[in-house]
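Number of protein chains: 2
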Amino acid sequence: MDQLVGTINAVKGTPDLAKFKFRSSSRWDGGAREHTTIKSFYGAGQEDATRTESFVLEGDEPAVLLGSNAAPNAVEAVLHALSSCMTVSFIYPAAAQGINVESLEYTMEGDLDLHGFLHLSDRVRPGFQNIRVKAKVRADAPREKIQELLQYATNTSPVMDTLRNPVPVSVELQE
Amino acid sequence: MDQLVGTINAVKGTPDLAKFKFRSSSRWDGGAREHTTIKSFYGAGQEDATRTESFVLEGDEPAVLLGSNAAPNAVEAVLHALSSCMTVSFIYPAAAQGINVESLEYTMEGDLDLHGFLHLSDRVRPGFQNIRVKAKVRADAPREKIQELLQYATNTSPVMDTLRNPVPVSVELQE
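These protein sequences, in sequence, are chains A and B.
Taking our numbering, the leading residue of the first sequence gets 8, the next gets one more, and so forth.
Taking our numbering, the leading residue of the second sequence gets 8, the next gets one more, and so forth.
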């Protein structure tokens, strides 16, 4: 909580501290498989020096989508990203308000129609048509307060915003 | 390649086979940490029965974002999801066209300003402001064909569409 207040005050004093750049690099591993390496990022005015090792996340597809079922697929990884983000976006403000959270769980489900991915229809979008998030919270706060925190998390979650609103993505082929 | 053609013909004959539902469930592990469990999905007209074990993905934050640096954070997981999706969305049509891909790599970088997440400004969105994708491909095809495949992948990738265009996300607090 003290850390969060410190961060907020630092950003108020020096707005550029709030600018972050996150990065990844990935490599195809045959079939539907790939792995993504995550380590460096820029933020709070400098390149990060605290991560000593890289994280590796793997992707694959189930057999019905022509993969070997070795890892979650890409759209399932989106649900993980949203879960991770909605967790932090709920827990930090709860802690700042002195609310003791015992447990926080999200279950998510998203609808996707393969007509877009398979290029069989221009009327069907390739991506998620809808995502439904259900939250289960145990905390020493009345239900109204928990509902308010959940709404706050929904409004401030970077991944929620990334999904609900358009993000410009540029794609460039290198030599 | 035969499998892909089979899938396309099956979907053409029975459009409902293209309807998928992907799912996740997550649990907060203290601090900024959570883990997401991924197993069941619905698709091709039935609940999947091929996955015998669950996949687990973990989330955390670096110290500067008040975490313990145990796992990639949520927005880094978004870059992984996009990498995984752009891999499949490039490789499948390449295979269908008989192009031999030797290697495929993506590097990605996204800009994020914490003013939104910290609720310090209503004018700064919480999510990614931009994502830049760079692709490096080695394949037995002329550069124009590779560029065409990359454009095709960009147009049909479910995660690319999920990021570039708005997705309705509902959030419900359970009892």
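We put the beta carbon where it would ideally sit given N, CA and C, even for glycine.
- Three or more pairs of CB atoms, one per stretch, sit closer than 8 Å, so the region 92-102 of chain B contacts the region 142-156 of chain B.
- Rounded to the nearest whole angstrom, the CA to CA distance from His-122 of chain A to Leu-121 of chain B is 37 Å.
- About 15 Å separates the CB atoms of Arg-30 of chain A and Asn-76 of chain B; that is not less than 8 Å, and the two are not in contact.
- DSSP, reduced to helix, strand and coil, places Ser-96 of chain A within a helical segment of the structure shown.
- Against Glu-83 of chain A, the close residues of chain B are Phe-29, Ser-31 and Ile-45, in the order they occur along the chain (beta-carbon pairs closer than 7 Å).
- Rounded to whole angstroms, the gap between the alpha carbons of Thr-44 of chain B and Val-63 of chain B is 5 Å.
- By the neighbour-count criterion, in which 16 or more other beta carbons inside 10 Å mark a residue as buried, Thr-21 of chain A falls on the exposed side.
- Put simply, of A:Glu-60, A:Glu-68, A:Val-12 and A:Glu-112 the residue whose alpha carbon is nearest the alpha carbon of Met-93 of chain B is A:Glu-68.
- Taking 8 Å as the cut-off, the beta carbon of Ala-84 of chain A is found no closer than this to the beta carbon of Ala-78 of chain B.
- For the set B:Lys-28, B:Phe-27, B:Asn-172 and B:Pro-149, the Cα lying nearest the Cα of Glu-182 of chain A is the one of B:Pro-149.
- Assigned with DSSP and collapsed to three states, Asn-162 of chain A falls in helix.
- Fewer than three Cβ pairs drawn from the region 110-119 of chain A and the region 172-182 of chain A lie within less than 8 Å of each other, which leaves the two stretches out of contact.
- Listed along the chain, the chain A residues whose CB falls inside 8 Å of the CB of Arg-58 of chain B are Pro-69 and Asn-76.
- Here the alpha carbon of Lys-143 of chain B sits roughly 15 Å from the alpha carbon of Ala-101 of chain B.
- When beta bridges are read from the DSSP output, His-42 of chain B appears opposite B:Arg-34 and B:Glu-65.
- Listed in chain order, the positions of the region 113-124 of chain A with a beta carbon within less than 8 Å of a beta carbon of chain B are Tyr-113, Thr-114, Met-115, Glu-116, Gly-117, Asp-118, Leu-119, Asp-120, Leu-121, His-122, Gly-123 and Phe-124.
- Counted as a single uninterrupted DSSP element, the alpha helix (DSSP H) harbouring Ile-15 of chain B occupies residues 9-20.
- Boundaries of the beta strand (DSSP E) harbouring Phe-48 of chain A: 48-50, taken from the DSSP string.
- Per DSSP, Ala-146 of chain B is one residue of the beta strand (DSSP E) stretching across 137-146.
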